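Position 128, counted from 1, in the sequence shown is what the numbering used here calls 128; the numbers after and before it change by one each time, with no gaps.
Ideal Cβ placement from N, Cα and C applies to all residues, glycine included.
Keep in mind the model is a prediction, meaning the values are calculated, not measured.
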Amino acid sequence: MFFTIADAMKVAVPFVELANRDALPAARPLRVIDLGAGCGAMSLGLIEAVTRLGSPIGLSITAIDRDAAALGIAAAAVRQLATVRGLDVTFTPRTDDATGAKLASVDLVVIGTLLNELAAPARQALVERALAAIGDDGAVIIIEPALRETARALHELRDVILATGAGHVFAPCTRAGAPCPSLANPNDWCHEDRTIKLPPLTRELSRLTHLRDDGMKFSYLVLRRQPLSVVEGPGAWRIVSPSRSPKGKHEVTGCSDPGWVSLRLLRRHRTDANRDLERADRGDVVVISAPPGDDRVEVVADTAVVRHVPAKPRGS
1 MFFTIADAMK VAVPFVELAN RDALPAARPL RVIDLGAGCG AMSLGLIEAV TRLGSPIGLS
61 ITAIDRDAAA LGIAAAAVRQ LATVRGLDVT FTPRTDDATG AKLASVDLVV IGTLLNELAA
121 PARQALVERA LAAIGDDGAV IIIEPALRET ARALHELRDV ILATGAGHVF APCTRAGAPC
181 PSLANPNDWC HEDRTIKLPP LTRELSRLTH LRDDGMKFSY LVLRRQPLSV VEGPGAWRIV
241 SPSRSPKGKH EVTGCSDPGW VSLRLLRRHR TDANRDLERA DRGDVVVISA PPGDDRVEVV
301 ADTAVVRHVP AKPRGS
């Protein structure tokens with residue numbers, strides 16, 4: 001009643017990012033495997049994400065989990081939501097161990113809050129099997145908790161996949177290579193913190209249990225077999241921190257090929273050309289014309305800054 005609803009919309013972020021880059025497979029219906037589906041959070045989130053896009057994308061979902069009772073809950077919820085949203089969704093529950101289940105050829109594999117339950121070799125093996133199940137235009141979406149240990153484990157997995165050549169990172173990184181910069185300091189980790197409005201019952205459960213505030217916190221990784229970045233360009237920086245506004249300046253931390261770098265704009269240098277740096281939120285991508293210095297990117301009056309909101313549906 002709480003976690004399935006609170007977690008469902010996490011998958012909408014990478015799904016819409018793929019759609020905005022025209023990186024969703026053209027197959028209709030979209031063939032999906034929901035690995036470790038549980039009560040269906042990821043499948044429900046996909047239905048809502050398709051609804052946000054305003055596109056009549058049909059979904060054919062195979063949900064794999066060893067808990068048959070949970071899959072029964074998922075099946076009922078998915079069919080009801082699909083009916084309410086007016087979407088063509090086929091949902092096939094399959095009772096099996098997600099770590100060893102045979103995977104048919106599909107367009108999309110979603111893995112929600114599963115890898116943190118596995119040892120590192122099993123995580124790698126599962127993700128490599130998922131990558132083998134998709135085509136060159138497909139994607140694997142992994143959602144994990146925003147805790148330091150689980151997020152850092154996901155960053156380590158990212159680097160292993162890149163090192164073996166099994167896949168390429170689409171998102172959240174604009175950095176194509178390894179290692180992940182957040183692994184340099186054992187106290188660092190990269191995660192999302194996005195606002196969300198929970199439905200009334202879930203919001204009341206959150207208030208009573210103190211399980212969640214208004215932030216939707218999670219770590220995620222989107223892998224493809226062919227290289228493609230959520231935003232292209234050497235000056236593309238994913239914002240990985242809240243903004244900091246000490247007197248007379250605006251700063252955020254950006255991540256790109258040079259690593260984690262402070263992006264700084266002094267107030268006296270504010271112009272229409274660079275105002276997008278102040279408008280950008282955590283999770284956005286900014287393309288900056290200025291090169292990085294020794295320890296930061298200094299945005300000055302004539303620096304061009306263009307803000308991208310990769311998870312915002314086009315036209316919304």
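Relative to the Cα of residue 313, the nearest Cα in the group 7, 13, 1, 8 belongs to 13.
In this structure, the alpha-carbon of residue 187 lies about 42 Å from that of residue 89. Put simply, the backbone Cα of residue 239 is about 10 Å away from that of residue 173. The residue among 112, 170, 168 with its C-alpha nearest the C-alpha of residue 64 is 112.
For the beta strand (DSSP E) assignment, the uninterrupted runs of no fewer than 3 residues enclosed by the segment 113 to 162 are, from N- to C-terminal side, 134 to 144. In the three-state reduction of the DSSP assignment, residue 202 falls in the helix class, which pools H, G and I. Annotation for residue 239: the continuous beta strand (DSSP E) segment containing it runs 236 to 239. The three-state reading of DSSP puts residue 247 in coil, since its state is none of H, G, I, E or B. Per the C-alpha coordinates, the member of 81, 153, 278, 165 positioned closest to residue 122 is 153.
Taking a C-beta distance under 8 Å as the contact criterion, residue 149 and residue 218 do not qualify as a contact pair. Counting along the chain, the unbroken alpha helix (DSSP H) around residue 79 starts and ends at 68 to 85.
DSSP places residue 96 in the coil class of the three-state scheme, outside both helix and strand. For the pair of segments examined, the segment 49 to 63 was found to touch the segment 76 to 93: the number of CB pairs separated by less than 8 Å reaches three. A residue is called buried when at least 16 other Cβ atoms come within 10 angstroms of its Cβ; residue 211 does not meet this threshold and is exposed. Excluding the 5 residues flanking it on each side, residue 48 has same chain C-beta neighbours closer than 8 Å at 8, 9, 12, 81, 85, in chain order. In the structure shown, residue 45 falls within a helical segment according to DSSP collapsed to helix, strand and coil. By the Cβ criterion, the segment 226 to 236 is not in contact with the segment 26 to 39, since fewer than three pairs of Cβ atoms, one from each stretch, lie closer than 8 Å. Pairing residue 223 with residue 169 gives a Cβ-Cβ distance under 8 Å.
Rounded to whole angstroms, the Cβ separation of residue 92 and residue 51 is 21 Å, and the two are not in contact under 8 Å. Residue 257 is positioned such that its CB atom lies no closer than 8 Å to that of residue 165. The alpha-carbon of residue 301 is positioned some 23 Å away from that of residue 260.
Fully enclosed alpha helix (DSSP H) runs of no fewer than 4 residues occupy 276 to 279 of the segment 262 to 301, in order along the chain.
Residue 34 is bridged by DSSP to 63, 110. The residues 25, 105, 107, 225, in chain order, have a CB closer than 8 Å to that of residue 135 in the same chain once the five nearest residues on each side in sequence are set aside. For residue 175, the number of other beta carbons within 10 angstroms of its own is at least 16, and it is reported as buried. Taking 8 Å as the cut-off, the beta carbon of residue 284 is found closer than this to the beta carbon of residue 309.
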